[in-house]
Structures are given as C-alpha cells and as structure tokens.
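Residue numbers (UniProt numbering): 1 to 96. First up is the structure itself, then whatever we jot down about it.
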Amino acid sequence: MSSPDTAQTLSLARVRQLALIGAGCTIMLFGLLLAPLPGPGGLPVMLLGGILVLRNSADARRMFVRNKRRYPRVFSPVERIRLKLRERRLRKMNRG
1 MSSPDTAQTL SLARVRQLAL IGAGCTIMLF GLLLAPLPGP GGLPVMLLGG ILVLRNSADA
61 RRMFVRNKRR YPRVFSPVER IRLKLRERRL RKMNRG
C-alpha cells in the first residue's frame with residue numbers, strides 16, 4: 001500500500017490557513033455591508049479582514065504590492081498605518 005500523495009492531502013496548517021483566508025473574506029464582506037450605515041464601522045472591519053487575508057495568502061500579498069506600486073496615492077494611508085505598527089512592534093521587541 002502506497003502512502004498518500006502529499007499534494008493531495010491537506011495538512012492542519014494548510015486547513016488553518018484556508019480557514020483564516022475564508023474568515024478574512026467574510027469579515028471584509030461584513031464590513032462592506034456595514035459601510036452604508038452611519039459612522040465609520042465599515043472601514044475598520046474591512047481593514048481587519050484585509051489584514052487576515054494578506055497575512056495568509058501569498059497571491060493577495062503580491063496583488064497588494066503590485067497595486068501599491070501602481071497607485072501609491074491610494075495606498076499611502078494603509079502604508080503609513082503599516083509602518084507605524086511595524087515601528088511599534090520593533091520597539092516592543094527591542095525593549096523585551
């Protein structure tokens with residue numbers, strides 16, 4: 001009896017990754033539904049979903065970087081937030 005092909009089996013890490021990508025897409029859709037309501041509720045929710053997808057999908061990261069280079073004015077607020085969070089994380093790592 002031969003062992004199952006590794007390309008056909010899903011590891012626990014891959015299932016977790018796919019679940020997080022699905023959760024991120026669902027959260028982004030929920031944020032899209034919240035967007036017409038009064039207040040800023042939709043945008044932060046969509047950003048949270050986008051972060052989940054970007055952290056777990058190489059294709060989404062490539063597309064994000066390509067669009068960030070193509071449309072820098074659109075993505076500059078996101079880049080500022082990302083750099084601020086990175087600096088905070090590095091300061092925290094250097095203190096501890």
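Note that CB positions come from ideal geometry on N, CA and C, so glycine has one too.
Using CA coordinates, which residue listed in the options is at the minimum distance from residue i?
i   : options            : result
G31 : A23, L20, P38, L43 : L43
T26 : D59, R88, L47      : L47
Given this structure, state the Cα-to-Cα distance separating residue i from residue j, to the nearest angstrom.
i   : j   : result
M93 : I81 : 18 Å
L18 : G24 : 10 Å
R14 : I21 : 11 Å
L54 : V65 : 10 Å
F75 : R91 : 24 Å
R61 : L83 : 16 Å
L10 : N56 : 16 Å
P72 : R86 : 19 Å
Heavy atom of the ligand FMN less than 8 Å from the Cβ of residue i, yes or no?
i   : result
L34 : No copy of the ligand FMN appears in this structure; indeed no ligand is present at all.
Quick check on the DSSP output: the alpha helix (DSSP H) that includes residue i runs from which residue to which?
i   : result
A35 : Unbroken run through A35: none, as it is neither H nor E.
P40 : Run containing P40: none; DSSP gives neither H nor E here.
S76 : 72-95
Kindly give me the distance between the Cβ atoms of residue i and residue j, rounded to whole angstroms, as I take these residues to be in contact under 8 Å.
i   : j   : result
V45 : L34 : 6 Å
M28 : G49 : 3 Å
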